[in-house]
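*Asks:*
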Amino acid sequence: MPKVKITDKSGKKITEFEANADDSIGTQAQANGCPIPMPCMAGACGGCIAKIKKGQEYLDPEALGPTHIPIAEDEVLACMCGIKKGTSADSEIEIEIDNL
Ligand code: FES
Numbered sequence: 424m425p426k427v428k429i430t431d432k433s434g435k436k437i438t439e440f441e442a443n444a445d446d447s448i449g450t451q452a453q454a455n456g457c458p459i460p461m462p463c464m465a466g467a468c469g470g471c472i473a474k475i476k477k478g479q480e481y482l483d484p485e486a487l488g489p490t491h492i493p494i495a496e497d498e499v500l501a502c503m504c505g506i507k508k509g510t511s512a513d514s515e516i517e518i519e520i521d522n523l
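Right, here's the structure in full:
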């Protein structure tokens, strides 16, 4: 399972977990103690916006469904973003959440 590390905007680690390829990054982050806000859970509000610091190639921004607002190339909506199928277990992903 790829390892996902979540930090706040100061770089402080909030949580780290082994991610599955079925649930969104946001849902898994919440389940692992990160209080990431996800008001709409539909890729429409931007409340869960996250900056990718490492491992962008392992992420599918629309794994859970389409996103409906524009975001930067190095950002994802955590409610819709998932791990790409077939990502190797030793892959590392780091995501910064400013909205904590
Ligand atoms: S919770 Fe609204 S865009 Fe993700």
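The opening position of the sequence shown corresponds to residue 424 in the working numbering, with each subsequent residue numbered one higher. Beta carbons: idealized from backbone N, C-alpha and C, even for Gly.
Flag this pair as yes or no: are the beta carbons of C504 and D483 separated by less than 8 Å?
*Replies:* yes
*Asks:* Note down the Cα distance separating Q479 from N443, rounded to an integer number of angstroms.
*Replies:* 16 Å
*Asks:* Would you kindly work out how many angstroms separate the C-alpha atoms of G466 and C502, rounded to a whole number?
*Replies:* 6 Å
*Asks:* Check I520 in the structure and name its three-state DSSP category.
*Replies:* coil
*Asks:* Buried or exposed, going by whether 16 or more other CB atoms sit within 10 Å of the CB of I492?
*Replies:* Looking at its Cβ environment, which holds fewer than 16 other Cβ atoms inside 10 Å, I492 is exposed.
*Asks:* Compute the distance between the beta-carbons of E498 and K474, then report whether it is under 8 Å.
*Replies:* yes
*Asks:* Across which residues does DSSP place D483 in a beta bridge pair?
*Replies:* G505
*Asks:* Going by DSSP in three states, T430 sits in which element: helix, strand or coil?
*Replies:* Assignment of T430 by DSSP, reduced to helix, strand and coil, places it in the strand class.
*Asks:* Quick check on A442: does DSSP put it in helix, strand or coil?
*Replies:* coil
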